[in-house]
Amino acid sequence: MLEDVPRDPFADDPDDPAAELGSADDVEPLTLAERDEALTDLADVEVFRSLLEPQGVLGLVLDCPECGEQHYFDWDLLRGNLRQMIDNGRPQVHEPAFQPDPSDYVSWEYARGYVDGVIDTEESR
1 MLEDVPRDPF
11 ADDPDDPAAE
21 LGSADDVEPL
31 TLAERDEALT
41 DLADVEVFRS
51 LLEPQGVLGL
61 VLDCPECGEQ
71 HYFDWDLLRG
81 NLRQMIDNGR
91 PQVHEPAFQP
101 DPSDYVSWEY
111 ARGYVDGVID
121 TEESR
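The numbering of the sequence shown is the UniProt record's numbering, which starts it at 1 and goes up by one.
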């Protein structure tokens, strides 16, 4: 599934800063609960994208618990990261979005609310 994700910008670089993280072989596989959660997230992302991309939304903005900043993920990168987590136990190293326009991205909570609103509207017809 590596074709689903952007190429690692440090691939084949002897000074790869991710080398300090260890080998991909050192990663513990996801537990069944973690895998189920990642599969659910992946399905959610597909639904979010199908409804929000036609509205001009480029992806999601997520709060990073490690650095306290917001990270902007386009749909392909988000999908690729989730696939990598499911398949390999951790996401592939990637470049952050370069000068993203925050108005092009929505939060997970907004996307979930949007989907719920579409479902409620369809059910009331």
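Quick reminder that beta carbons are idealized off the backbone N, C-alpha and C, glycines included. All values reported here derive from a predicted model rather than from experimental measurement.
Following the DSSP letters along the chain, one finds residue 101 in no alpha helix (DSSP H), marked with neither H nor E. Sixteen is the threshold: since fewer than 16 other Cβ atoms of the shown chains lie within 10 Å of the Cβ of residue 32, the residue is exposed.
Within the DSSP bridge table, the entry for residue 63 names 70 as partners.
Looking at the DSSP output, residue 107 sits in a beta bridge with 61. Contact between residue 59 and residue 105 holds: CB atoms are separated by about 5 Å, below the 8 Å threshold. Distances from the CA of residue 100 to each of 40, 88, 61 were compared; the closest alpha carbon is that of 61.
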